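Just so you know, the protein sequences line up as chains A and B, in that order. According to full-length UniProt numbering, the first sequence is numbered sequentially starting from 1. According to full-length UniProt numbering, the second sequence is numbered sequentially starting from 1. Think of the CB as a built atom: it goes at the ideal place given N, C-alpha and C, for glycine as much as any other residue. Since this is a predicted model, take the numbers as computed values, not measurements.
2 protein chains.
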Amino acid sequence: MNKIINPNVCEWATLTQRPTQSFAAIEETVKGIFKEVQQKGDRAITKYTSFFDGIAIQNIKVSGAEIKEAVASVPQELKDAILMAKSNIEAFHSAQKTERIEIETMEGVSCWQEKRPIQKVGLYIPGGSAPLFSTVLMLAIPAQLAGCKEIVLCSPPDNEGKINQAILFAADLCGVTQILKVGGIQAIAGMTFGTATVPKVYKIFGPGNQFVTVAKQVATQFGLAIDMPAGPSELLVVADDSAIAAFVASDLLSQAEHGADSQVVLVTTSLKLLSAVEKEVEKQLEKLPRKAIAAKAIQNSKLICFENKELALDFINEYAPEHFIIATKNESFYVNGIQNAGSVFIGNYTPESAGDYASGTNHTLPTNGYAKNYNGVNLDSFLKAMTFQKISKKGIQNIGKTIEIMAEAEGLQAHKNAVTLRLNSLKQ
Amino acid sequence: MNKIINPNVCEWATLTQRPTQSFAAIEETVKGIFKEVQQKGDRAITKYTSFFDGIAIQNIKVSGAEIKEAVASVPQELKDAILMAKSNIEAFHSAQKTERIEIETMEGVSCWQEKRPIQKVGLYIPGGSAPLFSTVLMLAIPAQLAGCKEIVLCSPPDNEGKINQAILFAADLCGVTQILKVGGIQAIAGMTFGTATVPKVYKIFGPGNQFVTVAKQVATQFGLAIDMPAGPSELLVVADDSAIAAFVASDLLSQAEHGADSQVVLVTTSLKLLSAVEKEVEKQLEKLPRKAIAAKAIQNSKLICFENKELALDFINEYAPEHFIIATKNESFYVNGIQNAGSVFIGNYTPESAGDYASGTNHTLPTNGYAKNYNGVNLDSFLKAMTFQKISKKGIQNIGKTIEIMAEAEGLQAHKNAVTLRLNSLKQ
């Protein structure tokens with residue numbers, strides 16, 4: 001772990017930097033596969049599934065029978081846990097519903113805003129060692145609440161040609177309308193162009209490795225929207241002597257086990273706490289099954305001590321962490337002062353894991369400093385706010401002159417004329 | 001005008017297509033200028049201002065004296081019009097404020113969502129023949145309402161090295177914190193990297209020509225967010241025999257005068273109305289000062305007649321227009337049925353011009369079919385929704401088991417451990 005004591009402001013730019021990833025090499029591969037999927041459809045999907053996942057699949061659509069089998073095979077204890085998480089996530093995301101907003105800005109001029117669902121959305125769930133059924137909940141629950149008509153889920157098949165049972169159970173539970181055994185670049189390309197089997201969607205959500213990340217970026221060049229640019233997961237903890245070093249260490253490690261490139265930062269104003277956390281991390285690390293991964297991330301992690309909390313807060317806002325844990329006596333200083341963070345966890349008994357799984361907040365959050373300009377996935381991510389207006393005869397008489405003057409001043413005579421014609425018709 | 005009667009569904013893909021623009025050639029130019037601005041800062045800004053705008057400017061910062069002069073020189077009539085528009089836009093965007101949303105998903109598990117402003121935003125206002133002071137209102141008003149700390153406005157200087165007076169007046173009125181005489185690719189690059197004079201921002205808003213559009217896309221590769229991908233402006237009118245042909249024609253022409261590439265579409269179920277509108281367009285076109293531009297757009301415009309309103313609505317949702325005017329007897333059929341549109345104008349006395357300038361809704365809207373997955377600029381475009389959670393000892397005891405089971409099932413032991421440690425500490 002790298003210990004930095006009272007860093008000078010000129011060092012902050014370096015300290016807030018994440019490892020830059022070079023996508024240039026990958027981009028060509030991605031564009032090649034996109035082109036092939038666009039031209040050859042399902043044939044290209046099958047080819048690349050065979051190539052990347054090492055399995056030849058006849059039918060990539062998950063059948064009702066497969067779902068039934070999955071539902072039966074998930075242990076009851078896990079089912080209950082998923083159901084409880086679902087209930088919390090649903091409650092929090094339902095509360096985000098906004099009513100139609102309507103005002104009469106002038107007599108006879110009614111304006112309103114209403115949110116309508118994005119009709120077709122695609123959810124990408126990675127395969128691999130950790131079957132992220134929790135991400136299914138985080139994406140499918142708000143999609144269903146928003147009223148999206150088609151909710152397509154793509155996830156790569158394992159070497160038996162199957163998708164993890166808990167993923168299928170969660171997808172079925174949360175109203176996913178179609179599940180496809182296809183992963184990686186070919187899945188994103190499929191949802192971008194549509195094939196005979198994979199539906200075209202308007203917006204793609206979900207995490208993935210660097211290939212999926214680049215593929216999502218390429219998808220935006222073909223008119224699709226994506227949830228957000230993605231990078232390795234991050235956690236920044238601010239803690240003082242009121243924090244419990246063992247808890248802080250466990251949180252840092254829970255982030256570190258995600259991947260060797262995970263970003264783990266401790267900010268503190270107490271050298272004592274800093275040392276205590278360092279020792280605890282070393283101790284707890286030994287016992288982790290994913291020790292090899294976590295150790296690498298910990299190696300690159302930073303423990304930073306600041307002179308005072310004002311400097312600490314400024315630094316944290318400059319870093320803009322994805323996950324931000326506050327374990328200090330004066331919580332409200334950081335709660336009120338944080339401007340740039342994905343999700344904030346407050347107090348000694350609020351581990352990041354709670355938000356990752358079950359408390360109700362979403363775990364799809366902006367990384368890599370994007371908390372400065374993006375928020376995490378929420379109900380609105382699946383909706384578009386449309387505006388409406390209706391102007392009466394009286395209304396156009398009230399507002400007409402203003403429009404005419406402004407249009408004229410911008411040199412847009414036809415804009416003015418659309419109003420003048422109406423005003424004249426009312427003079428007769 | 002192209003008349004299409006009862007088009008077959010297989011023709012829809014062609015009918016909804018916008019002219020594709022090739023950005024490949026421009027992209028290299030843009031990237032070159034970005035690199036130069038990143039390396040040389042203000043020197044590159046001055047160089048390209050001189051190159052593209054044909055003027056050597058000593059100080060690109062607009063001074064207080066220049067603003068004072070502008071405020072004094074704008075005619076009172078125009079000032080009053082701008083003030084009335086501001087009041088309406090402010091009222092409608094203020095109404096979009098969302099309160100903090102807080103729920104206790106389980107006893108002791110509190111989750112809330114709060115919106116906080118994007119700290120630094122950049123507004124781009126094009127120069128050229130039409131001085132778009134209305135766009136200043138549409139971007140700066142919500143930015144100020146949201147509480148953005150730095151609101152930077154860039155607009156190219158004219159050949160006297162000045163920015164249009166009405167633009168300065170509007171910017172000053174709406175709380176823009178810094179105005180810079182810099183346009184085009186160099187303005188976007190400046191706000192992306194920051195120079196000695198141009199502040200770095202986190203999100204860039206505003207329209208522009210194809211160079212600015214590509215520059216905004218390139219800015220996203222450097223960590224910035226943008227309001228939305230932009231294309232030529234569009235209007236689709238649905239009208240039946242209850243519509244007034246002269247009004248419909250005036251609306252189509254107000255869109256057409258924007259540029260030769262503007263998209264203008266009439267959808268109807270009445271051949272009679274179709275013919276009447278066609279005649280009116282020809283008649284009104286003759287009198288327009290921007291006739292040459294409008295005529296080109298009208299040449300590519302489409303008048304489409306459908307057998308029934310259900311088909312018409314399906315087509316409109318597939319087209320996903322930026323502006324959508326409903327001039328039919330049964331308004332609610334289209335109002336309730338429209339899923340994909342930027343902004344909707346209802347009835348014979350609601351011209352698009354109203355929303356362009358003064359009714360209160362925003363005029364920065366998704367074009368090119370992006371209404372399927374994006375909304376226009378609104379108050380939320382300047383905010384990030386951050387989530388918070390605080391769990392009590394009781395709370396972690398309630399939710400802990402669920403998190404442990406889920407983390408274990410995903411193979412993330414350290415995630416589980418962060419909970420187990422806390423639960424164990426409470427058992428003692």
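By the CB criterion at 8 Å, GLN178/A and LYS149/A fall outside the cutoff. Each residue's CA atom was taken as its position, placing THR98/A and ALA56/A some 46 Å apart. Only residues of its own chain outside the window of five on either side were considered, and among them TRP112 and GLN113 have a CB closer than 7 Å to the CB of ILE101/B, listed in chain order.
With its beta carbon less than 8 Å from one in chain A, TYR349/B belongs to the interface. Going by beta carbons, ALA294/B and ALA256/B fall inside the 8 Å limit. Inter-residue distance for ALA414/A and PRO207/A is about 48 Å (C-alpha atoms, whole angstroms). The three-state secondary structure of SER353/A, taken from DSSP, is helix. Within the segment 235 to 265 of chain B, there are no complete beta strand (DSSP E) runs of at least 3 residues. SER242/A is outside the set of residues whose beta carbon lies under 8 Å from a beta carbon in chain B. Between the segment 368 to 378 of chain B and the segment 406 to 422 of chain A, the count of C-beta pairs closer than 8 Å stays below three; the two stretches do not touch.
In the three-state DSSP reduction, GLU102/A falls in the strand class (E or B). Check the Cα spacing between SER392/A and each of ILE204/B, PRO351/B, VAL267/B and VAL176/B: the tightest is with PRO351/B.
Where ALA341/A is concerned, there is no enclosing alpha helix (DSSP H), because DSSP gives it neither an H nor an E. Residues are counted here when their Cβ sits less than 8 Å from a Cβ of chain B; for the segment 386 to 400 of chain A these are MET386, THR387, PHE388, GLN389, LYS390, ILE391, SER392, LYS393, GLY395, ILE396 and ILE399, given in chain order.
Against CYS10/B, chain A offers no close residue; the least beta-carbon distance is about 15 Å (beta-carbon pairs closer than 7 Å). Neighbours of ARG422/B in chain A, taken as residues whose beta carbon is under 7 Å from its own, are PHE247, TYR349 and PRO351 in chain order. Annotation for ILE4/A: the continuous beta strand (DSSP E) segment containing it runs 2 to 5. Around the beta carbon of LEU426/B, fewer than 16 other beta carbons sit within 10 angstroms, so the residue counts as exposed. Looking at the backbone, the Cα of ARG422/A and that of TYR349/B are separated by about 7 Å. For LYS390/A, the enclosing beta strand (DSSP E) stretches over residues 383 to 391. For THR46/A, no Cβ of chain B is located within less than 8 Å of the residue's own Cβ. Runs of alpha helix (DSSP H) with 4 or more residues, each lying fully within the segment 306 to 338 of chain B, are found at 309 to 319 and 331 to 337, listed in chain order. Taking ILE167/B as the centre and dropping the five residues before and after it, the same chain places the C-beta of ILE125, PRO131, PHE133, VAL136 and SER155 closer than 7 Å to its C-beta, in chain order.
When only Cα atoms are considered, ALA327/B and SER353/B end up about 15 Å apart.
Distance from VAL109/B to SER359/A at the Cβ level is roughly 5 Å; contact confirmed, criterion being Cβ atoms closer than 8 Å. Assignment of beta-bridge partners to TRP112/A by DSSP yields GLU102/A and PHE388/A. A residue is called buried once 16 or more other Cβ atoms fall within 10 Å of its Cβ, and ALA72/A, having fewer, is exposed. For chain B, the residues of the segment 111 to 124 of chain A that bring a beta carbon within less than 7 Å of one of its beta carbons are CYS111, GLN113, ARG116, ILE118 and GLN119, in chain order. Taken in chain order, the unbroken stretches of alpha helix (DSSP H) that lie wholly in the segment 32 to 92 of chain B and span 4 residues or more are 42 to 53 and 64 to 73. At the C-beta level, HIS323/B and SER343/B come within 8 Å of one another.
According to the DSSP assignment, PHE205/B belongs to no alpha helix (DSSP H) but to the beta strand (DSSP E) extending over 203 to 205. Residue environment analysis places ARG43/A among the exposed positions, since fewer than 16 neighbouring C-beta atoms fall within 10 angstroms of its C-beta.
Three or more beta-carbon pairs separated by less than 8 Å link the segment 183 to 201 of chain A to the segment 32 to 42 of chain A, which places the two stretches in contact. Note that the C-beta distance between MET406/A and ALA85/B is below 8 Å.
The Cβ of LEU180/A sits no closer than 8 Å to any Cβ of chain B.
Taking C-beta atoms under 8 Å as the contact rule, ILE316/B and VAL238/B qualify, at a distance of about 6 Å.
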